[in-house]
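Numbering (the working numbering), first residue to last: 49 to 162.
Every residue, glycine too, gets a C-beta built ideally from N, C-alpha and C.
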């Protein structure tokens, strides 16, 4: 007969929940509540959120998707850096009419702060 090898470890119980804050340019608004097991593994994780969720109440900002990367974790609060932004697929689809095509134009720009 097969024996049980031991008690199965529940990995969700080992996780701790941290609050993810937006950068200073977005007034350090809390944007997510994320489970992590290790601080080193969590840094570099990318959080996707709409601009409407940050500005709290401006419905004209639903089409902008912002991406923030976890930068540093201090206790129960994680700081982020702005990674990129893009329009939502539904919004872009509404701009392109039938019989026309979409042109993708991607350019890297160097800003004053680097």
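For this session: Within its chain, find whatever has a CB closer than 6 Å to the CB of residue 83; leave out the 5 residues flanking it on each side and keep chain order.
Result: 63 and 65
message = Quick check: residue 106 and residue 99, are their CB atoms within less than 9 Å of each other?
response = yes
Check: Straight-line CA distance for residue 68 to residue 147?
Finding: 43 Å
**Prompt:** Using a Cβ-Cβ cut-off of 7 Å (strictly less than) and excluding sequence neighbours within five positions of residue 87, which residues of its own chain qualify?
**Reply:** 121
Considering only the alpha carbon of each residue, which of 131, 150, 133 and 132 lies closest to residue 140?
150
**Asked** Roughly how many angstroms separate the alpha carbons of residue 55 and residue 85, rounded to a whole number?
**Response** 20 Å
Would you list the residues sitting across from residue 69 in a DSSP beta bridge? 78
Next on the checklist: Only counting the same chain, and skipping five residues up and downstream in sequence, which positions put a Cβ closer than 8 Å to that of residue 135?
Outcome noted: 111, 112 and 113
| What residues are listed by DSSP as bridge partners for residue 117? | 94 and 129
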